[in-house]
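Let me begin by presenting the structure, written as structure tokens, before commenting on it.
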Amino acid sequence: FFEANRLALIDEIKKARQLSPHGIIGVNLMVVAQDYETLVRTAAEQGINLIISGAGLPLHLPEYTADYPEVALVPIISTARAAKVICRKWERQYKRLPDAFVVENPNTAGGHLGAKYEELDDPVLNPEQVIPELVNYLETELKQPIPVIAAGGVWDHSDIVRMLELGAKAVQIGTRFITTDECDADIRYKEFHLNAQPEDVVVISSPVGLPGRALRNPFIEKVMSGAATVEKRCLLNCLHVCRHRETGELYCIVRALDKAARGDVENGLVFSGSNAGRSQRIMPVAELMAELVS
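Under our numbering, read the sequence shown as residues 204 to 497, first letter to last.
As structure tokens, this is what we get:
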């Protein structure tokens, strides 16, 4: 499993480089993954330009890329406090700082959320609070021009402008790109997003111990009612923290995500942000980008 992950990552990086020989290629790697260090080192060896890293604080990321100082390192955080912890650790132990921060809004983002259940919907996690606080810390205390990238709930040009006005230098968009021609998920996965309604967006428990935002389907109904059945025992040991492996509770998140991406949207886990359902059709990325910037 782990060797297959490593080889698949190499293949995807090579494909991306063939499509964009002179572009900036990045990967998003989860700290919680058992093979996190291996994947980080592999990406750096393959000439990746930047590594975005979340699902935990990437406190040792600079160690794994020490031989490749040109690789940009970008942690995902939800609070200025988390950014301060990372900066202090990296500066003290590795004599470097992040090249940027992705600030994810857990009140709107899809997938795993960087907050506890009881913290969700708290306005202190909104970008209006977090981004100015983080920018002030970076510019005033650190005196470093580290760019902030806003993520979570960014849908259109007006959202981008709002994030830039708060002090962000860029945005990260996920959900909107699901319904594009270039997204390599199954067509049924894309159509499921097109047909979603606002009330279909729910927050569920994930085996990794974090809440996650996803789209309601029969599988999610079982999870939310506590009736989700364990199909097989854990064979992968893919995560550092996993209630499915440790107690037999919940479900295997790898199998659930894989099912959905392959088109089984009834029995798989469809992670998505709060704007799911706003897409009206599947379009080329070039058309979407033109719409976002105009």
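Each residue gets a CB set at the ideal place from its N, CA and C atoms; glycine is no exception.
In DSSP terms, what residue i is bridged to
i              : result
isoleucine 280 : Val306
leucine 253    : Gly229 and Ala275
proline 414    : Ser408
threonine 450  : According to DSSP, which records beta bridges pairwise, threonine 450 is partnered with nothing at all.
Residue closest to residue i, alpha-carbon to alpha-carbon, out of the options
i             : options                           : result
leucine 300   : Ile289, Val306 and Pro309         : Ile289
glycine 192   : Asn398, Met492, Tyr392 and Val357 : Because the chain in this structure spans residues 204 to 497, residue 192 falls outside the shown range and cannot be described.
leucine 212   : Leu418, Val230 and Ser223         : Val230
serine 475    : Ala312, Arg448 and Ala275         : Ala312
valine 488    : Glu385, Tyr454 and Pro401         : Glu385
leucine 262   : Glu248, Pro414, Trp293 and Gly250 : Trp293
valine 277    : Asp467, Ser428, His225 and Ile349 : Ile349
valine 426    : Phe204, Ile407 and Val243         : Ile407
valine 333    : His315, Gly355 and Phe205         : Gly355
valine 306    : Glu266, Met366, Arg416 and Pro265 : Met366
alanine 286   : Tyr267, Thr268, Gly412 and Ser256 : Ser256
glutamate 336 : Leu316, Ala371 and Ile363         : Ala371
glycine 412   : Glu402, Asp387, Glu449 and Asp389 : Glu449
Residues near residue i by beta carbon distance below 6 Å, same chain, minus five either side
i          : result
valine 404 : Ser477 and Ala479
valine 357 : Val374 and Ile376
Straight-line gap, residue i to residue j (C-alpha atoms, nearest Å)
i                 : j              : result
alanine 318       : asparagine 310 : 9 Å
phenylalanine 304 : proline 272    : 17 Å
alanine 283       : isoleucine 254 : 20 Å
valine 235        : glycine 259    : 6 Å
glutamine 347     : leucine 341    : 6 Å
valine 338        : arginine 291   : 16 Å
serine 428        : proline 410    : 15 Å
serine 281        : arginine 465   : 30 Å
glycine 314       : cysteine 455   : 15 Å
isoleucine 227    : asparagine 252 : 6 Å
cysteine 501      : asparagine 398 : Here the chain comprises residues numbered 204 to 497, so residue 501 is not present and cannot be evaluated.
proline 330       : alanine 353    : 8 Å
glutamate 266     : lysine 298     : 11 Å
proline 224       : methionine 492 : 20 Å
Cut-off 8 Å between Cβ atoms - residues of its own chain near residue i, not counting five sequence neighbours on either side
i             : result
proline 421   : Glu469 and Asn470
glutamate 494 : Asp359 and His360
arginine 209  : Asp238, Thr241, Leu242 and Thr245
First and last residue of the uninterrupted alpha helix (DSSP H) at residue i
i              : result
isoleucine 390 : 390-397
isoleucine 352 : Unbroken run through isoleucine 352 is the beta strand (DSSP E), 351-354; no alpha helix (DSSP H).
glutamine 237  : It is not in any alpha helix (DSSP H) - glutamine 237 carries neither H nor E in the DSSP assignment.
glutamine 400  : Unbroken run through glutamine 400: none, as it is neither H nor E.
leucine 222    : 205-222
Enclosing beta strand (DSSP E) for residue i [first to last residue]
i             : result
glutamine 332 : Careful: glutamine 332 lies outside any beta strand (DSSP E), inside the alpha helix (DSSP H) at 330-339.
glutamine 375 : 373-375
Same chain, Cβ closer than 7 Å to residue i, five either side skipped, listed in chain order
i             : result
tyrosine 239  : Leu232 and Met233
arginine 481  : Trp358
histidine 443 : Val235 and Gln237
alanine 388   : Ile381 and Ala464
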